[in-house]
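In what follows, a structure is listed as structure tokens, so that the remarks can point back to it.
In the working numbering, the protein residues as written are -8 to 107.
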């Protein structure tokens, strides 16, 4: 008998590069400060507090990366639409230097975004 191969989601791992972003660090500090104010050591075991803090940290980081990825996706989409619009304008007016310059600038911005 052959087992059915089911796709499982890969296990979550921390992307350590995200910890170099100031915005992420500030969000973690703020949320963890609130967490430790609300969950003091007197009411729960140290192990339980540690496990809960890890889960909260994971949630904060997942939320932050999802928001960041969404913003990057929207920016790329916006740049691609501007490029397409300029390409259409350039087809209508191939001699227009201003359109060519704008097109180069937006392509460069998109290239930078895709490299990050």
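No residue lacks a Cβ here, since even glycine has one placed at the ideal position from N, Cα and C.
Each residue's CA atom was taken as its position, placing residue 51 and residue 33 some 24 Å apart. Assignment of residue 2 by DSSP, reduced to helix, strand and coil, places it in the coil class. Counting every other CB atom within 10 Å of its CB across the protein chains shown gives residue 70 a total of 16 or more, marking it as buried. Secondary structure of residue 68 (DSSP, three-state): helix.
For residue 97 and residue 62, the gap between their C-alpha atoms comes out near 17 Å.
Contact check for residue 78 against residue 94 passes: the beta carbons are separated by less than 9 Å. In this structure, the CA atom of residue 84 is about 39 Å from the CA atom of residue 58. The continuous stretches of alpha helix (DSSP H) do not include residue 9, and DSSP gives it neither H nor E. Listed in chain order, the non-local C-beta contacts of residue 60 below 6 Å within the same chain number zero, local neighbours out to five positions each way being set aside.
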